[in-house]
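In my numbering, the protein residues as written are 141 to 721.
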């Protein structure tokens with residue numbers, strides 16, 4: 141020991157000097173002193189000084205809320221251009237199975253009915269998911285390139301595809317298949333770009349609500365297009381009937397492209413209108429996640445992603461969540477027509493009710509999750525909370541390999557242990573969500589499967605009750621947003637686009653199988669055939685009860701944490717780290 145403190149040898153040229161600390165009581169005293177000094181400047185909650193609060197604007201609360209609202213409109217427009225086929229096919233196909241008593245397709249000026257077989261309809265729906273397979277590639281580039289340009293390109297491509305379906309489907313079924321493929325490719329561009337953009341714009345405590353608000357646009361789009369499609373199917377004045385469904389969807393998409401081109405930004409630092417206070421708030425909150433940067437020197441750790449149980453649990457849960465939803469979105473109008481004999485107008489309205497339930501549940505559960513993160517007090521070791529402040533202001537280095545930042549001590553230097561081992565796992569602002577997101581996901585999976593099964597027990601004489609059960613099943617599915625979907629974004633914020641693309645690659649694979657299998661089972665549209673379709677969806681919906689509860693996690697994985705600390709240590713400078721997502 142030398143006067144003034146100990147000296148530990150490191151692999152760097154100059155040794156790093158550690159101050160002499162005699163007992164743990166000294167540590168607590170120094171931490172309390174630092175805590176009091178910081179409290180004089182910033183109020184302290186849970187032992188951590190909060191980041192600066194953004195300014196509230198007169199015309200809009202914040203650019204974060206505006207960004208989430210624009211993304212909501214984005215998903216609404218794209219999902220209108222996707223889900224419109226589910227209702228449009230009911231009045232496009234030349235089959236008495238889909239004709240109402242008051243059908244006017246033989247009138248002059250009406251768009252012609254198309255001679256598509258049941259198998260061809262299955263191929264049309266599957267083509268969307270074939271395009272969605274490209275999300276594995278688009279997810280990789282979403283973390284490296286401008287997400288705004290990807291979003292604009294995505295919606296523009298979907299607009300072109302819908303115009304092509306409206307104009308060219310009467311010539312050949314292959315144009316409809318090609319158009320649906322392009323819509324799927326557009327969605328493949330969109331989802332990873334949005335997830336990557338959310339990690340750049342929102343701190344971890346707000347991502348659940350931001351994701352719920354943004355993806356809630358899918359349900360809003362369905363709520364608009366399904367009833368509208370039911371009305372447009374029964375008229376011939378506007379573009380002859382069913383083509384007007386695709387023109388309306390394309391018009392909404394074109395409006396979003398213009399609005400987002402003017403107001404959107406890839407990340408806060410590129411938004412010229414954002415206030416300095418809000419920009420500083422976002423920057424400090426996301427300081428340790430290394431998001432929004434081109435990482436030419438770092439590659440996506442695919443091997444570690446593939447070996448992560450938490451990633452696979454989230455992927456399986458998302459796939460099992462999306463499979464029943466795809467069945468409902470694509471085939472609910474056909475189910476209500478075949479089994480419960482609703483006309484086109486009533487069909488369009490009733491088909492929108494489960495989607496409305498999903499949207500409201502998604503927003504409510506996401507807001508509840510965000511509220512609990514901000515207001516719930518969890519009992520944690522007081523010393524850990526106090527020393528979490530100290531770690532922001534001072535770094536303690538032992539060596540390149542055994543480097544510590546006041547939250548844990550190198551296992552290879554037991555004589556230098558300064559903190560209780562319980563602090564090693566303490567990570568402020570994140571521990572609050574672990575138990576709650578698993579509970580929400582479990583309730584969502586159980587409710588989704590149970591109410592889908594209950595709907596199969598009802599015949600056409602109890603059609604309103606069947607619709608109610610379908611609404612309850614979709615309301616349960618909304619709980620997956622703060623569950624497995626938020627976990628998917630939280631596991632590795634810096635690689636959220638890549639992991640999203642990886643997960644939705646398997647969603648696309650299941651989406652290819654889903655419509656083909658459904659159309660193969662429900663060839664005649666009998667109640668028994670549709671019940672079989674729902675039985676399959678029920679079993680798949682219940683799988684996350686086992687997989688996600690055992691291996692699921694919302695914690696930032698060790699291989700995805702920021703490398704800023706290591707870089708700062710190599711330069712022998714103090715490092716600053718904020719709580720992870």
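Beta carbons are placed, not taken as given, at the ideal position from N, Cα and C, and that holds for glycine.
As the structure is a prediction and not an experimental result, all values here were calculated from the model.
Closest option to residue 305, judged by alpha-carbon separation, among 352, 387, 597 and 490: 387. The alpha carbon of residue 456 has as its nearest neighbour, out of 667, 640 and 601, the alpha carbon of 640.
Cα atoms of residue 645 and residue 348: separation of roughly 22 Å, rounded to the nearest angstrom. By the neighbour-count definition (other C-beta atoms within 10 Å, threshold 16), residue 413 is an exposed residue. Excluding sequence positions up to five before and after residue 664, its CB lies less than 7 Å from no other CB in the same chain.
By the Cβ neighbour-count rule, residue 416 is exposed, with fewer than 16 other Cβ atoms within 10 Å of its own. DSSP places residue 318 inside the alpha helix (DSSP H), whose first and last residues are 313-341.
In summary, residue 327 is buried, with 16 or more beta-carbon neighbours lying within 10 Å of its beta-carbon over all protein chains present. Counting the other Cβ atoms within 10 Å of the Cβ of residue 449 gives fewer than 16, which makes it exposed.
About 5 Å separates the CB atoms of residue 332 and residue 278; that is less than 8 Å, so the two are in contact. Around residue 259, the same chain offers 659 as residues with beta carbons nearer than 7 Å, after the five sequence neighbours per side are excluded. Segment contact: the region 453-472 against the region 684-697, three or more CB-CB distances shorter than 8 Å; contact assigned. When DSSP states are grouped into helix, strand and coil, residue 451 belongs to the helix group. Within the region 248-273, complete alpha helix (DSSP H) segments of at least 4 residues are found at 258-272, given in chain order.
By the criterion of at least three beta-carbon pairs nearer than 8 Å, the region 665-678 is not in contact with the region 307-322. Judged by their CB atoms, residue 339 and residue 629 are nearer to each other than the 8 Å cut-off. Note that the region 466-484 touches the region 590-604; at least 3 beta-carbon pairs, one per stretch, sit closer than 8 Å. Between residue 638 and residue 671, the alpha-carbon positions lie close to 37 Å from each other. Within the model, the alpha-carbon separation for residue 227 versus residue 472 is close to 9 Å. The way I'd put it, the region 616-633 doesn't touch the region 211-224; fewer than three beta-carbon pairs between them come closer than 8 Å. One Cα belongs to residue 654, the other to residue 202, and the distance between them is close to 41 Å. Nearest C-alpha to residue 405 among 287, 596, 588 and 281: 287. Taking 8 Å as the cut-off, the Cβ atoms of residue 204 and residue 379 do not count as close. A Cβ-Cβ separation of about 5 Å places residue 607 in contact with residue 490 under the 8 Å criterion. Residue 699 and residue 453 do not touch by the CB rule: their CB atoms are close to 16 Å apart, not below 8 Å.
Where residue 371 is concerned, the enclosing alpha helix (DSSP H) starts and stops at 344-373. Secondary structure of residue 687 (DSSP, three-state): helix. Nearest in C-alpha terms to residue 273, of all of 657, 580 and 651, is 651. The beta-carbon distance between residue 215 and residue 357, rounded to whole angstroms, is 3 Å. This is short enough to meet the 8 Å contact definition.
Annotated three-state conformation of residue 696 is coil, per DSSP. By the criterion of a C-beta distance shorter than 6 Å, residue 462 is surrounded in its chain by 647, once the five residues flanking it on both sides are discounted.
The beta-bridge partner set that DSSP reports for residue 233 consists of 254.
A residue is called buried once 16 or more other Cβ atoms fall within 10 Å of its Cβ, and residue 391, having fewer, is exposed. For residue 644, the uninterrupted alpha helix (DSSP H) run begins and ends at 636-661, by DSSP.
In this structure, residue 625 and residue 499 do not form a Cβ contact; the two beta carbons are roughly 14 Å apart against a cut-off of 8 Å.
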